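Enquirer: For the sequence shown, position 58 (counting from the first letter as 1) is numbered 41 according to the working numbering, and the numbering increases by one without interruption. Just so you know, even glycine gets a beta-carbon here, dropped at the ideal spot from N, CA and C. Just so it is clear, the structure is predicted and the values come from calculations on it, not from any experiment.
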Amino acid sequence: VTFASRWAMSYLRGPLTLVEMAPLLRRGATAESASAGSGPPIAGAAAPPPLGVAVPVRFAVTGGGQAAPSVMLRARVSVERAALDLVREGEELWLAPVDDRGRIRWEDAEALAAAPALAAEPPSEMSFPTAAPTELAAQLGKADAAFRSWRARQPVMVPVNEGLRLAARHGESHEAFLARCLEAADRADDATQVRLRTRFEGRMATLRTRVARERDELDRDRSQLQARRAEEAMGAVEGLLSVLLGSRGVRSASHKAASKLKTAAGKRRMRQSAEGSVAESEREIERLELELEDLAAELQAEIDRIAAASEEAAERIEERPFKPRQSDVVVLELALVWQ
């Protein structure tokens, strides 16, 4: 048997370089993830994988090692309730993690007090998966609507005074809100205080009139008493002297003296009666003035009671949840953050 050979050309590639192997590994990892249904992409790339959706991408400036994606949103949220004079509007910043499939976990979102330090370019020490999580692009495409739906289910806690139909304003401190409640409670009691003061002022006016009348009577009684005293003193002395000096006989002087003494006794009784009138007027004035003092004390007690009730009503402040409507949630910015 005779063997012969012929020339042949091979078009198969020879050994591959590391650079040429990277795309093959990326495609293999993507296919493996799709067939498994889940699982993290292979990490190690120096740049983030493409998303296929127009969303700003930012990077944590202090990040290092393998980076994981999260979604950051800045939103304006409004809550209004006319019955409580509640109008609150403010901006919020939220950071929501992304799971291995690329689903945004809104239920684990964190409210940020301030924006974190982010950069437009990744730090040199940060590495990325070679492919984005399978559902991330679709999740980012509907993130605006999903966030608004989720945020509308999260209540805004607001200090409220139900009795006064007031709610704290955005940024209002507890002390400032309490002062506003105290002012409102005081205004609410104005009508009650007006009725109370009107009723007491009427009673006080009646007592003041009676006191003034008694004082006028006392002045008259005192004037009359003064006159009675003077008349009694002068009449007794002059009468006795006129009898003793003007009578010729002893019997005549004795009879006349007895008559004068009887007259003096009458004047004394008139003076005593005048003294009684003065004392009675003084006692009545004192009684009326004490009644006025008691009435003033009663009015003060009523005012203090109303003030205490107003203060108690103003202090009935409690936190109440209010859910915004979806239309009251507006997404202002949305970005994918690697950190």
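(1) Near V(-16), which residues of its chain fall below 7 Å by C-beta distance, leaving aside the five closest residues on each side in sequence?
(2) Over the uninterrupted beta strand (DSSP E) stretch that includes E75, give me the two end residues.
(3) From R152 to I286, what does the alpha carbon distance come to, in whole angstroms?
(4) Buried or exposed, going by whether 16 or more other CB atoms sit within 10 Å of the CB of M140?
(5) Buried or exposed: T113, going by 16 or more other Cβ atoms within 10 Å of its Cβ?
(6) My guess is that V314 and L56 are in contact by the Cβ rule of under 8 Å, so how many angstroms apart are they, rounded?
(7) For L271, count the other beta carbons within 10 Å of its own beta carbon; 16 or more makes it buried, fewer makes it exposed. Which is it?
(8) Round the Cβ separation of L278 and L190 to the nearest angstrom and send it over; I've been treating them as touching at under 8 Å.
(9) Would you call the region 294 to 311 and the region 122 to 139 in contact, with 3 or more CB pairs under 8 Å?
(10) Which value, in whole angstroms, describes the spacing of the CA atoms of T324 and R251?
(11) Per DSSP, which one or two residues make a beta bridge with Q49?
(12) Using the Cα positions of A51 and G73, report the straight-line distance between them to the nearest angstrom.
(13) Does the distance from the C-beta atom of I87 to that of A98 stay below 8 Å?
(14) So, helix, strand or coil for V44, using DSSP?
(15) Using 8 Å as the threshold, is the C-beta distance between A257 and R211 below it?
(16) Quick one: grab the DSSP three-state call for A28.
(17) Could you check what DSSP says for R288 in three-state terms: helix, strand or coil?
(18) Check for me: the beta strand (DSSP E) holding R303 runs from which residue to which?
Expert: Taking the coordinates as given:
(1) Interpretation of V(-16) is limited by its pLDDT of 48, a score under 50 that renders its predicted location unreliable; the figure taken from the coordinates is listed afterwards. Hits under 7 Å: none found.
(2) L69 to P80
(3) Rounded to whole angstroms, the separation of the alpha carbons of I286 and R152 is 30 Å.
(4) exposed
(5) Sixteen is the threshold: when 16 or more other Cβ atoms of the shown chains lie within 10 Å of the Cβ of T113, as they do, the residue is buried.
(6) 6 Å
(7) buried
(8) 7 Å
(9) yes
(10) Examination of residue 324 is not possible in this model, given that the chain is present from -16 through 322 alone.
(11) S110
(12) So the alpha carbons of these two residues sit roughly 29 Å apart.
(13) no
(14) Secondary structure of V44 (DSSP, three-state): coil.
(15) yes
(16) strand
(17) helix
(18) E301 to F305
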